[in-house]
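Residue numbers (numbering that gives the first Met the number 0), protein chains in the order written: chain A, 0 to 165; chain B, 0 to 165; chain C, 0 to 165; chain D, 0 to 165; chain E, 0 to 165; chain F, 0 to 165; chain G, 0 to 165; chain H, 0 to 165.
8 protein chains.
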Amino acid sequence: MAKVGIVMGSDSDMPIMKKAADVLEQLGVEFEMTIISAHREPDVFFEYAKSAEEKGFKVIIAGAGMAAHLPGMCAAIFPMPVIGIPMHTTSLGGRDSLYSIVQMPSGIPVATVAINGGVNAGLLAAKILATSDPELLARLKAYSEDLKNQVEKKDARLKEVGYKNY
Amino acid sequence: MAKVGIVMGSDSDMPIMKKAADVLEQLGVEFEMTIISAHREPDVFFEYAKSAEEKGFKVIIAGAGMAAHLPGMCAAIFPMPVIGIPMHTTSLGGRDSLYSIVQMPSGIPVATVAINGGVNAGLLAAKILATSDPELLARLKAYSEDLKNQVEKKDARLKEVGYKNY
Amino acid sequence: MAKVGIVMGSDSDMPIMKKAADVLEQLGVEFEMTIISAHREPDVFFEYAKSAEEKGFKVIIAGAGMAAHLPGMCAAIFPMPVIGIPMHTTSLGGRDSLYSIVQMPSGIPVATVAINGGVNAGLLAAKILATSDPELLARLKAYSEDLKNQVEKKDARLKEVGYKNY
Amino acid sequence: MAKVGIVMGSDSDMPIMKKAADVLEQLGVEFEMTIISAHREPDVFFEYAKSAEEKGFKVIIAGAGMAAHLPGMCAAIFPMPVIGIPMHTTSLGGRDSLYSIVQMPSGIPVATVAINGGVNAGLLAAKILATSDPELLARLKAYSEDLKNQVEKKDARLKEVGYKNY
Amino acid sequence: MAKVGIVMGSDSDMPIMKKAADVLEQLGVEFEMTIISAHREPDVFFEYAKSAEEKGFKVIIAGAGMAAHLPGMCAAIFPMPVIGIPMHTTSLGGRDSLYSIVQMPSGIPVATVAINGGVNAGLLAAKILATSDPELLARLKAYSEDLKNQVEKKDARLKEVGYKNY
Amino acid sequence: MAKVGIVMGSDSDMPIMKKAADVLEQLGVEFEMTIISAHREPDVFFEYAKSAEEKGFKVIIAGAGMAAHLPGMCAAIFPMPVIGIPMHTTSLGGRDSLYSIVQMPSGIPVATVAINGGVNAGLLAAKILATSDPELLARLKAYSEDLKNQVEKKDARLKEVGYKNY
Amino acid sequence: MAKVGIVMGSDSDMPIMKKAADVLEQLGVEFEMTIISAHREPDVFFEYAKSAEEKGFKVIIAGAGMAAHLPGMCAAIFPMPVIGIPMHTTSLGGRDSLYSIVQMPSGIPVATVAINGGVNAGLLAAKILATSDPELLARLKAYSEDLKNQVEKKDARLKEVGYKNY
Amino acid sequence: MAKVGIVMGSDSDMPIMKKAADVLEQLGVEFEMTIISAHREPDVFFEYAKSAEEKGFKVIIAGAGMAAHLPGMCAAIFPMPVIGIPMHTTSLGGRDSLYSIVQMPSGIPVATVAINGGVNAGLLAAKILATSDPELLARLKAYSEDLKNQVEKKDARLKEVGYKNY
């Protein structure tokens with residue numbers, strides 16, 4: 000049973016949304032990925048959002064750019080956490096996406112991550128599920144340990160070769 | 000039969016939305032004003048937007064602040080013009096509202112006016128209707144003539160009393 | 000008889016303005032496209048804007064970049080709706096164009112669409128005309144249906160091939 | 000046993016943080032509120048963040064303004080979700096707080112809510128816990144229902160008294 | 000014969016425009032002040048701008064706020080220097096006015112001063128005229144000397160009373 | 000005798016500054032171009048600015064990027080008009096240059112043109128000199144007429160070939 | 000012998016500059032405070048900056064607003080560290096001051112603190128001097144300890160009275 | 000014994016951090032460069048920052064991008080000056096890094112240089128050490144003299160070949 004719904008308004012968002020999916024896969028979290036547009040097919044979207052709970056979703060990750068309404072409209076319907084990923088945009092650098100997602104009115108929160116923050120959206124979904132899943136929490140800790148090791152290796156290499164040869 | 004639907008997500012937007020209503024009344028355009036939240040009552044909102052055409056609406060004026068989804072979601076459902084009014088906001092001065100309304104993706108335009116531009120939203124709705132209503136067009140021209148006269152009077156007074164006494 | 004005037008201040012805006020024209024053509028709306036600069040040939044511009052109504056224009060689409068005065072000056076003279084397209088700019092990403100177009104003073108609205116929003120400007124013009132043209136409204140609904148189908152196809156393909164092969 | 004840690008860097012953030020606490024109390028979620036500064040007492044902060052898991056925290060809500068490091072540093076240490084509230088600031092309107100909280104690097108997500116979004120932070124924490132607590136989920140749904148009713152009452156009053164008397 | 004035309008689109012700009020007039024008066028430069036709106040009375044405006052040269056204007060100072068077109072439209076018609084004053088605005092702090100005035104396309108410069116920079120607009124007009132008027136140049140030098148003296152007096156007072164009593 | 004001083008802080012600004020020089024040459028205005036850094040050689044700069052008047056300069060065009068102090072420091076010393084060109088910058092798009100040049104305190108105006116506005120700086124300098132030089136004014140009018148003709152030719156070509164072949 | 004020069008371009012900056020002075024006094028660091036304008040009295044300013052080293056200054060703290068040139072011009076002349084305080088401004092919130100101070104070109108650094116960051120400027124000056132003054136370093140550590148204690152007291156009070164009574 | 004610690008959160012910051020190292024080397028200042036992440040290895044970071052004083056560091060240069068916490072967290076622990084370099088970022092141009100570094104709360108200053116200002120960070124560190132090291136001060140003066148000579152050579156070449164051949 001899928002635990003996380005990943006939804007994007009356009010397949011141009013796929014390169015960022017894939018990162019969320021990859022992290023979830025790596026952490027052993029089931030997910031279902033969907034392309035759906037709240038603007039172009041509002042009926043389909045409504046049906047999706049309303050049935051998300053009974054499909055077993057505990058978290059929805061929604062990515063969108065420009066006047067990004069998809070995460071907020073998910074949050075208006077789905078009763079559990081919605082994570083929003085603001086997409087980078089050419090003209091405004093993603094500020095439009097960011098403001099459209101994070102500045103939600105009182106009562107309908109969207110858990111917003113960084114512009115193009117696909118990896119962090121996946122991690123945040125996993126952390127949410129880990130509040131009641133000790134094994135997932137352990138895998139998340141291992142993931143963090145791995146990040147730490149990568150930095151330590153880089154520093155060791157710097158110390159070894161010197162900054163001019165790095 | 001109402002021609003213009005005026006809709007706002009919160010009654011805190013009323014002081015701005017009233018200006019749109021006042022202009023429409025002054026120009027003899029029928030309208031219906033509604034408080035409805037796409038976020039807090041998505042079902043009610045959907046019903047409203049879907050039935051707007053059969054209620055006789057030709058234009059919808061939607062005002063919203065922050066992550067302002069109401070105008071864009073109206074435009075996703077209602078097939079005729081939607082005018083968006085971005086509300087001023089304390090922290091971001093209304094940039095959040097503006098970007099959330101004007102930066103709509105291809106296919107779903109929202110005719111956006113200035114931040115807090117209630118009067119202009121009403122005028123734009125009237126201009127839209129005036130494309131097929133010569134009498135309304137005549138009233139709009141008289142409205143513009145009146146604006147012109149007000150400026151001329153101010154200039155005349157300046158010329159008379161001098162800038163130090165203005 | 001042309002219904003929509005499309006005007007741009009510089010032929011460098013053509014790639015965006017063409018999109019508006021293409022949509023109008025696709026929807027069967029007559030239009031006339033003109034290059035005219037309110038700054039470089041104010042007399043020619045004034046004559047254009049003043050004669051627009053008698054040429055049968057019901058809507059003007061005006062695109063401009065930087066200190067974009069063309070849409071606002073059209074709106075100062077032409078009594079029916081003016082749609083403004085803010086052009087993307089290298090240094091400010093189109094914020095200069097957007098603010099110069101959307102922040103119109105009370106009394107002279109410009110219906111502003113997204114930065115580089117050529118398609119949406121064309122659609123908005125058609126929606127305005129559709130308020131009194133049921134056949135055009137039907138074509139607009141079909142256009143929207145087509146957009147919806149495109150998204151559904153993409154989602155079907157995603158479901159079929161999986162996100163890794165998308 | 001407390002489920003949610005609420006932490007702020009300065010007691011000047013209290014008016015916003017109280018809103019998160021009030022929502023949690025209303026929803027029956029236990030929490031512990033602390034004033035702690037990652038900048039002024041890094042040792043105390045480290046101890047706090049490291050012991051948060053064993054104290055039973057499942058979520059931390061951290062509010063901070065300006066160069067807001069508290070939420071991100073909590074997320075660097077605490078393995079479960081951290082919610083960040085960017086505080087409004089006089090000079091930059093909270094953009095500094097927002098960017099310092101939401102633009103986290105890959106690997107360390109902070110679930111960011113709106114500037115001054117205390118209520119939404121509390122709700123988001125509850126939604127996170129509700130992914131494994133059906134009773135809390137039911138209370139959240141009732142909370143949403145209540146929000147919906149409030150809007151409907153306002154609209155009913157508008158319909159009754161008219162916009163001029165609203 | 001007036002040398003400087005001072006023009007504003009709205010009498011709400013008067014407090015700033017007065018400062019330009021006061022400086023010119025102090026420096027013995029003749030000027031004529033006018034309230035005229037390029038948006039609300041384009042014909043009147045065109046007549047004004049076209050006749051400015053024959054009225055003897057050598058410089059025009061134009062102040063405007065929001066989508067501030069007045070300075071740019073003056074520069075499109077009047078062949079000598081146009082100085083633009085961007086007015087402070089509530090929502091965008093005058094960024095809208097500034098961008099609408101300073102970001103002029105190639106060929107039509109507007110000499111832009113600071114947001115609400117009425118004094119500097121007056122001084123700049125005087126400096127322009129001083130390029131061919133040695134007596135005015137002498138008065139400008141005296142004006143600068145006076146500014147210098149004011150700062151020196153403040154520093155002397157600081158040295159005398161100490162910063163705690165300043 | 001040179002009438003216009005053109006000064007830049009770094010030869011990386013040359014591509015923009017050249018445009019100002021080219022316009023002046025085209026209009027028959029003598030100028031002298033200098034590379035001088037107010038930051039790296041303040042003594043040299045001071046000497047330059049102080050001797051500018053006696054060298055016969057009537058206007059200084061100063062270009063600078065980032066924390067652009069050169070135009071403002073010229074204006075602090077040279078008593079006649081200083082025109083500032085804000086250079087585009089990679090990180091902030093030239094906002095830093097623009098604010099550092101246009102937001103001058105009361106008493107020391109800098110006539111600011113658009114970001115990278117080299118042509119307009121040259122034209123503005125010529126317009127300033129034209130306030131006392133009828134022949135230069137005539138050349139400026141011819142220059143404007145030429146700009147107008149260029150636009151008209153483009154429109155004629157559009158009308159001839161149609162927008163699809165433009 | 001004064002170790003720190005505190006300089007401001009206008010006495011309107013005094014409320015912020017006083018905070019720097021107060022911190023230095025509290026830490027036992029000698030300073031000299033001066034009002035001097037690089038724009039209004041460039042000769043006086045140059046003399047000040049050139050003689051700063053021989054007066055014994057090791058650090059200069061310079062505060063300025065809008066197109067804030069004072070810190071950068073100090074750094075162009077004085078060979079030791081210059082600390083810049085960007086002043087809050089009404090229209091741009093201090094972004095103009097911040098960019099004008101922090102975005103210095105390569106070769107002439109200004110150590111920039113937060114907008115209106117008078118206290119931090121004083122502390123930073125003391126920290127710079129403390130690199131060669133162990134007693135001052137000890138006083139700085141005590142100062143930090145005191146900040147820590149203040150936060151701990153607030154947290155203790157919160158724990159005692161509860162957040163509702165705080 | 001190293002005098003300056005250079006620390007970065009990611010080796011992607013190396014091209015900028017190298018510039019700081021190169022300047023220090025050129026000026027004969029010893030330094031130690033480290034890759035350490037406050038977010039990914041908070042324990043390692045804490046140990047680093049706490050031991051920095053006893054390692055003999057007098058200054059720390061910390062570079063970071065996005066929600067850049069590294070400089071501020073160094074400043075929370077290390078008692079002497081911390082210099083922050085905000086990294087350029089794709090979406091927000093480095094504004095996020097800049098605000099996260101410069102907008103530090105009262106009590107914990109970070110000496111912030113320009114976005115990507117690696118050279119200036121190195122110079123500022125040297126200037127700080129030069130407050131108690133006359134020989135280093137002399138080398139810094141020679142460095143500045145060299146910068147001056149470079150500009151003078153460029154101007155001489157411009158004078159020789161003319162701007163068209165430059």
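The beta carbon of each residue, even a glycine, is placed where N, CA and C say it ideally should be.
Amino acids of chain H, ordered along the chain, whose beta-carbon sits closer than 9 Å to that of residue i
i, result
"residue 38 of chain D", "71, 72, 74, 75, 103, 104, 106, 107"
Nearest-angstrom Cα separation, counted from residue j out to residue i
i, j, result
"residue 7 of chain B", "residue 142 of chain G", "52 Å"
"residue 48 of chain E", "residue 147 of chain D", "56 Å"
"residue 151 of chain F", "residue 92 of chain C", "28 Å"
"residue 112 of chain C", "residue 34 of chain G", "49 Å"
"residue 20 of chain F", "residue 134 of chain E", "30 Å"
"residue 24 of chain F", "residue 162 of chain H", "12 Å"
Contacts of residue i in chain D (Cβ-Cβ under 8 Å)
i, result
"residue 92 of chain G", "89, 90, 91, 92"
"residue 136 of chain G", "In chain order: nothing, as chain D lies at least about 18 Å away."
Contacting residues, own chain, Cβ-Cβ under 6 Å from residue i (five flanking each side not counted)
i, result
"residue 127 of chain H", "58, 80"
"residue 118 of chain B", "18, 22"
"residue 69 of chain C", "8, 37, 61, 63"
"residue 56 of chain F", "4"
Where the alpha helix (DSSP H) containing residue i begins and where it ends
i, result
"residue 62 of chain H", "Residue 62 of chain H -> not in any alpha helix (DSSP H); beta strand (DSSP E) instead, spanning 58-63."
"residue 83 of chain F", "No alpha helix (DSSP H) holds residue 83 of chain F; the beta strand (DSSP E) holding it covers 81-85."
"residue 31 of chain G", "Run containing residue 31 of chain G: none in the alpha helix (DSSP H); it sits in the beta strand (DSSP E), 30-34."
"residue 120 of chain G", "117-129"
"residue 70 of chain H", "69-76"
9 Å Cβ cut-off: residues of chain G touching residue i
i, result
"residue 10 of chain D", "150, 153, 154, 156, 157, 165"
Contact set between residue i and chain A, taken where Cβ atoms lie within less than 9 Å
i, result
"residue 113 of chain C", "65, 66, 90, 95"
Reference residue i, options the options, closest by Cα
i, options, result
"residue 130 of chain B", "C/52, C/20, C/160, C/137", "C/52"
"residue 120 of chain G", "G/26, G/41, G/10", "G/26"
"residue 14 of chain H", "H/146, H/104, H/152, H/86", "H/86"
"residue 97 of chain F", "F/104, F/115, F/107", "F/115"
"residue 76 of chain G", "F/55, F/44, F/77", "F/44"
"residue 144 of chain A", "D/16, D/78, D/162", "D/78"
"residue 138 of chain G", "G/28, G/66, G/39", "G/28"
"residue 101 of chain E", "E/122, E/71, E/124", "E/71"
"residue 40 of chain F", "G/124, G/66, G/106, G/39", "G/106"
Chain B contact residues for residue i, given Cβ-Cβ distances below 9 Å
i, result
"residue 50 of chain A", "Within 9 Å Cβ-Cβ: nothing; residue 50 of chain A doesn't reach chain B, min ~14 Å."
"residue 33 of chain E", "154, 157, 158"
Endpoints, beta strand (DSSP E) assigned at residue i
i, result
"residue 7 of chain F", "3-7"
Proximal residues to residue i (C-beta, below 8 Å), its chain only, five neighbours per side dropped
i, result
"residue 16 of chain H", "5, 7, 32, 60, 62, 84, 117"
Contacts that residue i makes with chain B (C-beta to C-beta distance below 8 Å)
i, result
"residue 13 of chain E", "162, 165"
Spatial neighbours of residue i in its chain, beta-carbon cut-off 7 Å, leaving aside the 5 residues before and after
i, result
"residue 108 of chain B", "74"
Neighbour list for residue i in chain D, Cβ cutoff strictly below 7 Å
i, result
"residue 41 of chain A", "Within 7 Å Cβ-Cβ: nothing; residue 41 of chain A doesn't reach chain D, min ~19 Å."
Contacts that residue i makes with chain C (C-beta to C-beta distance below 7 Å)
i, result
"residue 17 of chain A", "162"
Beta-carbon neighbours of residue i, restricted to chain C and to distances below 9 Å
i, result
"residue 203 of chain E", "Nothing about residue 203 of chain E can be read from this structure; chain E reaches only from 0 to 165."
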